[in-house]
Amino acid sequence: MSKGNNINYLVIALSNGKLFNPSLKLFKKLGIDLKSGEEKNRKLTFFNPEKEIEFIITRPKDNPTYVEYGAADIGIVGEDVLLEENKDVYKLLDLKFGKCKMVLAAPAEIKQEKYDQNHGYRLKVATKYPVIAGNYFKEKGIYVELIKLYGSVELAPQVGLADVIVDIVSTGRTLKDNKLVIREEIMPLSAQFIVNRISYKTKHQRINEFLKKIEQIIALESAELEED
Ligand code: PRP
1 MSKGNNINYL
11 VIALSNGKLF
21 NPSLKLFKKL
31 GIDLKSGEEK
41 NRKLTFFNPE
51 KEIEFIITRP
61 KDNPTYVEYG
71 AADIGIVGED
81 VLLEENKDVY
91 KLLDLKFGKC
101 KMVLAAPAEI
111 KQEKYDQNHG
121 YRLKVATKYP
131 VIAGNYFKEK
141 GIYVELIKLY
151 GSVELAPQVG
161 LADVIVDIVS
171 TGRTLKDNKL
181 VIREEIMPLS
191 AQFIVNRISY
201 KTKHQRINEF
211 LKKIEQIIAL
221 ESAELEED
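For the sequence shown, position 158 matches number 158 in UniProt numbering, and the numbering has no gaps at all.
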């Protein structure tokens with residue numbers, strides 16, 4: 001049974017993937033070691049009895065769901081997921097690591113007006129983020145066909161599945177290797193500290209103490225968290 005049922009325990013949901021190692025480093029700097037989390041195994045929960053913390057490891061997209069339902073008190077999650085999933089959680093702090101951008105990208109040869117206006121043509125947009133992409137084109141008044149994919153989105157324009165993509169760019173390597181160029185930067189993104197609404201009341205003091213310490217670390221050394 002989850003130790004999260006013990007009111008003293010704080011349950012923290014970490015996202016696996018790109019935010020996982022910077023999150024571990026952040027907790028190390030707080031003096032909370034998650035040694036077993038660094039081992040390569042399939043365990044998804046870890047306890048630090050001394051600090052009364054339980055860590056759970058989620059798929060990035062599921063992270064805010066665990067927090068919304070109170071299975072976790074706190075989550076560390078990408079802003080892209082928060083915007084796309086629109087869960088009912090408090091977003092309390094920008095952690096300033098995991099920085100990347102949501103962009104509109106296209107093959108270099110596509111002419112600008114093809115995606116600036118409709119011209120009687122319905123632009124095909126491949127994306128893992130139909131909500132973000134849909135809002136973006138709606139605001140521009142451009143009527144598009146959204147094609148939802150689950151990964152390797154950069155493939156879609158090359159094989160004629162889509163004209164353009166809306167996706168995340170971090171180093172820019174994937175775009176470059178697939179001969180796509182950024183046509184517009186939609187928004188900057190970074191890791192966010194989220195909290196369950198009820199936990200924020202019932203565990204207010206603990207969460208705020210935590211938040212203050214994290215704020216201090218982030219202000220001084222957020223870039224260090226991403227170093228190898
Ligand atoms: C993300 C994103 C891009 C890539 C960008 O995909 O969707 O494809 O990373 O990173 P870069 O600018 O550093 O090259 P991810 O690695 O999560 O894999 P996926 O396509 O299978 O979702």
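All C-beta atoms, glycine included, are put in the ideal place defined by N, C-alpha and C.
Out of the options, which one is the CA nearest neighbour of residue i?
i, options, result
"residue 42", "50, 48, 59", "59"
"residue 196", "77, 56, 21, 68", "68"
"residue 179", "22, 164, 124", "164"
"residue 61", "48, 87, 50, 47", "87"
"residue 198", "90, 31, 65", "90"
"residue 218", "8, 28, 138", "28"
"residue 211", "194, 82, 226", "194"
"residue 156", "220, 77, 124, 50", "124"
"residue 289", "98, 99, 18, 83", "Here the chain has residues from 1 to 228 only, and residue 289 is not among them."
"residue 277", "169, 107, 7, 132", "Because the chain here runs from 1 to 228, residue 277 falls outside it and cannot be looked at."
"residue 122", "107, 34, 141, 187", "141"
Would you check if the distance between the CB atom of residue i and the CB atom of residue j is smaller than 8 Å?
i, j, result
"residue 56", "residue 45", "yes"
"residue 72", "residue 110", "no"
"residue 26", "residue 214", "yes"
"residue 153", "residue 126", "yes"
"residue 177", "residue 128", "no"
"residue 189", "residue 79", "yes"
"residue 63", "residue 15", "yes"
"residue 22", "residue 221", "no"
"residue 30", "residue 203", "no"
Could you give the DSSP three-state label for residue i: helix, strand or coil?
i, result
"residue 211", "helix"
"residue 23", "helix"
"residue 78", "strand"
"residue 93", "strand"
"residue 130", "helix"
"residue 146", "strand"
"residue 16", "coil"
"residue 194", "strand"
"residue 135", "helix"
"residue 42", "coil"
"residue 87", "coil"
"residue 110", "coil"
"residue 217", "helix"
Between which two residues does the beta strand (DSSP E) harbouring residue i extend?
i, result
"residue 183", "180 to 189"
"residue 127", "123 to 127"
"residue 167", "164 to 169"
"residue 54", "53 to 58"
"residue 104", "100 to 107"
"residue 8", "From DSSP, residue 8 is part of no beta strand (DSSP E); its letter is neither H nor E."
"residue 48", "45 to 48"
What span of residues does the alpha helix (DSSP H) with residue i cover, start to end?
i, result
"residue 155", "155 to 158"
"residue 175", "173 to 177"
"residue 63", "63 to 68"
"residue 198", "197 to 202"
Should residue i be listed as close to the ligand ZN, given that the test is whether its C-beta is under 7 Å from any heavy atom?
i, result
"residue 181", "By its list of ligands, the structure shown excludes the ligand ZN, since it contains just the ligand PRP."
Touch test, the region 86 to 95 against the region 142 to 161, Cβ-Cβ under 8 Å, three pairs minimum: Because the criterion of three Cβ pairs below 8 Å is not met, the region 86 to 95 and the region 142 to 161 do not touch.
At least three beta-carbon pairs within less than 8 Å, the region 206 to 219 to the region 72 to 92: In short, these stretches touch, since the Cβ pair count reaches three.
Inter-stretch contact at 8 Å, needing at least 3 Cβ pairs: the region 167 to 187 / the region 97 to 109: Here the region 167 to 187 makes contact with the region 97 to 109; the two share three or more CB pairs at distances below 8 Å.
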